[in-house]
Amino acid sequence: MIQPDADLLHRYLFEQRDCRGELVQLHDTYARIIEGHDYPQVIAKLLGEALAATCLLTATLKFEGEITVQIQGDGPLSLLVINGRNDQSMRGIARLKSHAGSDMGFQQLIGHGQMVITVAPDQGERYQGIVELSEATFSACLEQYFIRSEQLATCLKLFADAESQQCGGILLQALPQQNDADDFQHLQVLTSTLKAGELFDLPAEQVLHRLFHEENVTLYPAQSVCFKCSCSRERSKQALLSMGKDEVLQLFSEQEQVDIHCQYCNSHHVFNQEDMIELFGKTNPSIH
Ligand SMILES: [Zn+2]
13 MIQPDADLLH RYLFEQRDCR GELVQLHDTY ARIIEGHDYP QVIAKLLGEA
63 LAATCLLTAT LKFEGEITVQ IQGDGPLSLL VINGRNDQSM RGIARLKSHA
113 GSDMGFQQLI GHGQMVITVA PDQGERYQGI VELSEATFSA CLEQYFIRSE
163 QLATCLKLFA DAESQQCGGI LLQALPQQND ADDFQHLQVL TSTLKAGELF
213 DLPAEQVLHR LFHEENVTLY PAQSVCFKCS CSRERSKQAL LSMGKDEVLQ
263 LFSEQEQVDI HCQYCNSHHV FNQEDMIELF GKTNPSIH
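Residue numbers (the working numbering): 13 to 300.
Below, the structure written as structure tokens:
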């Protein structure tokens, strides 16, 4: 059952326009990503925008897999990552290397940077698209990505409010078979009138009605979006194994237990010496 105030992704089609759309409204997922991190407001806001964008991107996946949106630069924000799966489970993190002032714009936060979008099917080859972050806003950079990678006219608006922990976005894209470019331009004008308040406070049906009441829009069933981290005790175990016995032994010579902390969800996976024996076997005299 989908709760009325749940985080939802909507897809829709303009019957007479050869264009499609997506709308996403998020609260809990966003709250889980920023909670406990003490991010400056501008960073939390950008995380919200990137989260909404990743939901819109993963909505187009036609297979089981993951899309990673990664921003890296030489500005105060050194790294921002959002991982999204085709089932709309999301996680994300940002790393700062210096102070991010509250008045800093997108370009100032990033400095010289790029966005790397990795599409990784569970079965099959992954592929990457790289976009220089030369536009003034994150949405404008993403539009560049869409135009280059899919060669389809795309319009994107992203919103985030770190204080109320709400974020979301809207996407309009021409279909490959589109004949009339005026269709896209007409709908682009309507799409760009969307206000943050409308997106945050109104149900999707009402938002779409306000924007496109003269259009013939088919709205598909909504998909739930949730926060989910892919870390686990098993994965941490694999990480220890891949470090190799000598290096792990070194860790245990300095401390009683090894704590593998997941920065995405703040989980701690703790391993003691008995776990070590189970992992590597009881062959070393320093392990009792
Ligand atoms: Zn985790």
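Glycine included, C-beta positions come from ideal geometry on N, C-alpha and C.
Residue i versus residue j: straight-line alpha-carbon distance, rounded
i	j	result
residue 32	residue 103	26 angstroms
residue 291	residue 253	7 angstroms
residue 239	residue 226	35 angstroms
residue 87	residue 122	4 angstroms
residue 131	residue 150	19 angstroms
residue 118	residue 63	15 angstroms
residue 283	residue 188	52 angstroms
residue 25	residue 236	19 angstroms
residue 158	residue 165	8 angstroms
residue 261	residue 246	19 angstroms
residue 161	residue 285	49 angstroms
residue 140	residue 287	38 angstroms
residue 116	residue 58	11 angstroms
Sub-8 angstroms separation of residue i and residue j beta-carbons
i	j	result
residue 79	residue 91	no
residue 71	residue 38	no
residue 81	residue 46	no
residue 202	residue 169	no
residue 65	residue 209	no
residue 186	residue 171	no
residue 220	residue 35	yes
residue 174	residue 85	no
residue 191	residue 30	yes
residue 145	residue 167	no
residue 120	residue 67	no
Bridge-paired residues (DSSP) for residue i
i	result
residue 247	According to DSSP, residue 247 bridges with nothing at all.
residue 169	182
residue 91	84, 107
residue 280	273
residue 144	126
residue 23	34
residue 230	25
Residues of its chain near residue i, where Cβ-Cβ distance is below 8 angstroms and the 5 sequence neighbours each way are ignored
i	result
residue 280	271, 272, 273, 274
residue 241	103, 274, 276, 277, 279
Close-in-space but distant-in-sequence residues of the same chain around residue i (CB under 7 angstroms, 5 per side omitted)
i	result
residue 147	153, 156
residue 108	55, 88, 89, 90
residue 48	278
residue 43	177
Proximal residues to residue i (C-beta, below 6 angstroms), its chain only, five neighbours per side dropped
i	result
residue 142	126, 128
residue 97	78
Rounded Cβ spacing between residue i and residue j (contact assumed at less than 8 angstroms)
i	j	result
residue 178	residue 212	5 angstroms
residue 305	residue 276	The question about residue 305 has no answer here: the residues shown for the chain are numbered 13 through 300.
residue 19	residue 50	Not quite, the Cβ-Cβ distance comes to about 23 angstroms (not below 8 angstroms), so this is no contact.
residue 114	residue 53	6 angstroms
residue 75	residue 133	5 angstroms
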